[in-house]
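**Q**
Number of protein chains: 2
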Amino acid sequence: MKKKTTIYQIAEQLGLTAATVSRALNNNPKISEATRELVQKTAIKMNYEPNKVALALKSGKSYNVGVIVPRIDTNFFGSVIRGIEDTLHPEGYQVIICQTNNLQSREIETISTLLNAQVDGILMSISAPEININVFSQVLNKNVPLIFFDRKKDIEGVSTVTINDFEGGYMATDQLIQQGCKRIVHLSGNQKIEIFQERCRGYKRALLDNGLKFDKDSVIEIKSNIDEGKRVAKILLDMKDMPDGIFSSSDFAALGAIKTLKENGIKIPDDVCVTGFANEPFTKFMELSITSVDQSPVEMGNMAANVFLEQVTTKGFKIEKKVVLTPQLLVRKSSSRKNDSSQKTKI
Amino acid sequence: MKKKTTIYQIAEQLGLTAATVSRALNNNPKISEATRELVQKTAIKMNYEPNKVALALKSGKSYNVGVIVPRIDTNFFGSVIRGIEDTLHPEGYQVIICQTNNLQSREIETISTLLNAQVDGILMSISAPEININVFSQVLNKNVPLIFFDRKKDIEGVSTVTINDFEGGYMATDQLIQQGCKRIVHLSGNQKIEIFQERCRGYKRALLDNGLKFDKDSVIEIKSNIDEGKRVAKILLDMKDMPDGIFSSSDFAALGAIKTLKENGIKIPDDVCVTGFANEPFTKFMELSITSVDQSPVEMGNMAANVFLEQVTTKGFKIEKKVVLTPQLLVRKSSSRKNDSSQKTKI
DNA sequence: TTGTAAGCGTTATCAT
DNA sequence: ATGATAACGCTTACAA
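Protein sequence lines correspond, in order, to chains A and B. Each residue of the first sequence is one higher than the one before, counting from 106 in this note's numbering. Each residue of the second sequence is one higher than the one before, counting from 106 in this note's numbering.
1) Are there 16 or more other CB atoms within 10 angstroms of the CB of residue 398(B), so buried, or fewer, so exposed?
2) According to DSSP, which residues form a beta bridge with residue 326(A)?
3) For the stretch 220-250 of chain A, enumerate the residues whose C-beta is nearer than 9 angstroms to any C-beta of chain B, in chain order.
4) For the stretch 182-193 of chain B, which residues have a beta carbon sitting closer than 7 angstroms to at least one beta carbon of chain A?
5) Figure out for me which residue from 268(A), 267(A), 290(A) and 269(A) has the closest Cα to the Cα of residue 278(A).
6) Check residue 379(B) in the structure and name its three-state DSSP category.
7) Please state whether DSSP places residue 391(B) in a helix, a strand or coil.
8) In angstroms with no decimal places, state the Cα-to-Cα distance between residue 190(A) and residue 203(B).
9) Starting from residue 254(A), follow its DSSP beta bridges and name the residues at the other end.
10) I want to verify the contact list: residues of chain B whose CB lies under 8 angstroms from the CB of residue 437(A), in sequence order.
11) Check the C-beta distance from residue 266(A) over to residue 428(A) and give it rounded, since I have them as a contact under 8 angstroms.
12) Thinking C-alpha only, which one of 419(A), 380(A) and 411(A) is nearest residue 433(A)?
13) Whole angstroms are fine: how far does the CA of residue 260(B) sit from the CA of residue 158(A)?
14) Using C-beta distances below 7 angstroms, list every residue in its chain close to residue 147(A), excluding the 5 sequence neighbours before and after it, in chain order.
15) Between residue 436(A) and the ligand ZN, is there a pair consisting of the residue's CB and a ligand heavy atom that are separated by less than 7 angstroms?
16) Would you call the CB atoms of residue 321(B) and residue 364(B) closer than 8 angstroms?
17) DSSP on residue 408(B), reduced to helix/strand/coil?
18) Which residues, in order along the stretch 374-407 of chain A, keep a beta-carbon less than 7 angstroms from a beta-carbon of chain B?
19) Which same chain residues end up closer than 8 angstroms to residue 192(B) when comparing Cβ atoms and leaving out the 5 residues on each side of it in sequence?
20) Could you tell me how far apart the beta carbons of residue 440(A) and residue 374(A) are, in whole angstroms, since I believe they sit closer than 8 angstroms?
21) Taking Cβ positions only, does residue 267(A) come closer than 8 angstroms to chain B?
22) By a C-beta neighbour count over all protein chains shown, 10 Å radius and 16 as the cutoff for buried, is residue 348(B) buried or exposed?
23) What is the C-beta distance between residue 177(A) and residue 187(B), in whole angstroms, given that I count them as a contact (C-beta under 8 angstroms)?
24) Can you check whether the C-beta of residue 195(A) is within less than 8 angstroms of a C-beta belonging to chain B?
25) Given a cut-off of 8 angstroms on the beta-carbon distance, is the pair residue 350(A) and residue 333(A) in contact?
26) Excluding five sequence neighbours on each side, which residues of the same chain lie with their C-beta closer than 7 angstroms to the C-beta of residue 308(A)?
27) Residues of chain B with CB closer than 7 angstroms to the CB of residue 176(A), please, in chain order.
28) Thinking just about the alpha-carbon of each residue, which of 230(A), 416(A), 436(A) and 205(A) is nearest to the one in residue 396(A)?
29) For the stretch 131-159 of chain B, enumerate the residues whose C-beta is nearer than 7 angstroms to any C-beta of chain A, in chain order.
30) Could you check the C-alpha separation between residue 196(B) and residue 122(A) for me, to the nearest Å?
31) Check this for me: beta carbons of residue 156(B) and residue 156(A), under 8 angstroms apart or not?
32) Closer than 8 angstroms by C-beta to residue 236(B): which residues in its own chain qualify, once you throw out the five before and the five after it? Chain order, please.
33) Does residue 126(A) come within less than 8 angstroms of chain B when only Cβ atoms are used?
34) Assuming contact is defined by CB atoms lying nearer than 8 angstroms, are residue 184(A) and residue 426(A) in contact in what I supplied?
35) Got a sec: is the Cβ-Cβ distance from residue 369(A) to anything in chain B below 8 angstroms?
36) Any beta carbon from chain B within less than 8 angstroms of residue 293(A)'s own beta carbon?
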């Protein structure tokens, strides 16, 4: 129940004034060496610790940044946040976590809350593609840096850090083709979301570049979970001309599909090759390990944090930066047929 | 670059004083209905939002709580944090995340940082079992509620939320015995950490209760990762009397052991039954799904948050609460022999 | 080199 | 019912 030490108490103790103590503590040049040392020693002796809230009120800088994600208990977002925290912490920033649960209402509400909390910046991955852009203008108007990672929208003044989803989709599809797949279906996430559009574009381009034809019906839009993968697999099994390759935008859907296909006697990768996306930990743990596209989430977090830091240190100028990371295809058993010669990486 | 609206601006606009505006906004009873409405309408019109930092300085309450974990990009901690955020957010609290990377130095530093940031409470899982208890006295002295979850220490005035690790260890071992295992080894984490001591105690008790003898050499202390599991499996393979059951305190070590055993022709679960701990997602995804003990991390987070809320609303009195959650054994293929009759749960 | 005083945005305690 | 003022802890012109 002890009261916290303030600069006033130090001042009183030393027969000085708060201003002097403040200056001594901040190594202000116009202060005598003697008092500086005296003050600093006394501060330590009295267990003085600066009150960040007072500082924040005075300076308008809270040294807090808000991070908004759909949910944090997924490997991807957990890793991105780790990357953010790892680079922001040494710079003296604290990370405030907000989950939207993919609700647009929560997204909007959260932004105001963070703004009221005087955060110095907001890093977010957009949950709802339909979100009204106006929401972001209040952030920009206050000169609070706003950075999107992974799920972005193109807005003037907003920096973004993403992976090249087009390339990821291309690489994945191309590798399937090299394995001999001719009829490749694509399980996509919500096509209103940029990343899924891009992965699909990559899929299409790879098909065309390899002389295969692109069929709109081969793109199946689903939710990114195991059950959806299972459901779709059943549909595929019933097709007259069953696909021999699946490129899924989600590792979970890929897993579900694999399970159902195997239960129905389909051999993987011999009959059907399967590739997922996100490099979830389980993909490499499986006995039948699953080929996937790694998004380097930790680096994405690092980059997003760095972009933020640049933004705050560049006073006056608004910089808008678009960082695009290169995804990595990790070829594993689910898409490695015996006669393989095309493997780029194996982990 | 617009300036934020303050109560002064509203006051000026209306020819009132800031105090009146404040009262109107807070529904203070001694204010005329007319002005209240007028003020509130104007506030909305002017996009007024209260400045949380000023509030925090004035009231000493920041409505921020700090959460300290070794790292957040693991399923367990990610889920606990999700649970915490889910229950604290509706109450108006923000969650500040801090990672220690299992470094004691970071743990200590982080506590001060949070205290300086005037957090209203600290929820943490201890990284370093050797940590000096004095570190926590500064928290308690300031009357900041401190709550340990999962990895705790017994300190007066500190509430804890844990699972019954003893029971978890007991259940896991008992199920292996019911499957017919006679020589069960236990792969333990750092035995200086309470949770691992408890799981080991449960293992021992289950052996004794079933008329098997406990052998100290059957407890092997390792790090909780795949490679360690592989390493130990090799040792087991060379033993004259190879074990027929493995209870691992870590799912990752269990996975590593399984991989190596299978590579060496050992049949699981027929030759060796294996059980892990933590119910990592991959354990149920594997073709050979792995039996594990679920720690209900989300509920743990919920509970920890609730204990905190109780603490802050109970003024004056210090309450110390010890919540112990019941773990759940999820019996899967890695420990389900044909003649099974003892299965409690199957997921 | 040090002190004085104002101000960051609010609320609480006096007055009026 | 409303206004004036001090206070939360700190920094920073401006004075001295």
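Quick reminder that beta carbons are idealized off the backbone N, C-alpha and C, glycines included.
**A** According to the structure shown:
1) buried
2) Residue pairing from DSSP places residue 326(A) in a beta bridge opposite 293(A).
3) Under the 9 angstroms Cβ criterion, the stretch 220-250 of chain A contributes 220, 221, 222, 223, 243, 246, 247 and 248.
4) 183, 184, 186, 187 and 190
5) 290(A)
6) Strand, per DSSP.
7) coil
8) In a straight line, the C-alpha of residue 190(A) is about 8 angstroms away from that of residue 203(B).
9) 266(A)
10) Going along chain B, no residue has its Cβ under 8 angstroms from residue 437(A), so there is no contact; the nearest lies around 14 angstroms.
11) 4 angstroms
12) 380(A)
13) 29 angstroms
14) 115, 118 and 119
15) This structure simply doesn't include the ligand ZN, nor any ligand for that matter.
16) no
17) Reduced to three states, the DSSP call for residue 408(B) is helix.
18) 386, 387, 390, 391, 392 and 393
19) Same-chain partners within the cutoff: 406, 407, 410, 411 and 414.
20) 5 angstroms
21) Residue 267(A) does not count as touching chain B.
22) buried
23) 6 angstroms
24) no
25) No, the pair does not count as a contact, with Cβ atoms beyond the cut-off.
26) So the qualifying residues of the chain are 274, 278, 291 and 352.
27) Per Cβ cutoff of 7 angstroms: 187.
28) For residue 396(A), the nearest C-alpha among the options comes from 436(A).
29) Those would be 154, 155, 156, 157, 158 and 159, in chain order.
30) 40 angstroms
31) no
32) 209, 212, 213 and 258
33) no
34) No, Cβ-Cβ distance for residue 184(A) and residue 426(A) is not below 8 angstroms.
35) no
36) Cβ-Cβ to chain B under 8 angstroms: no for residue 293(A).
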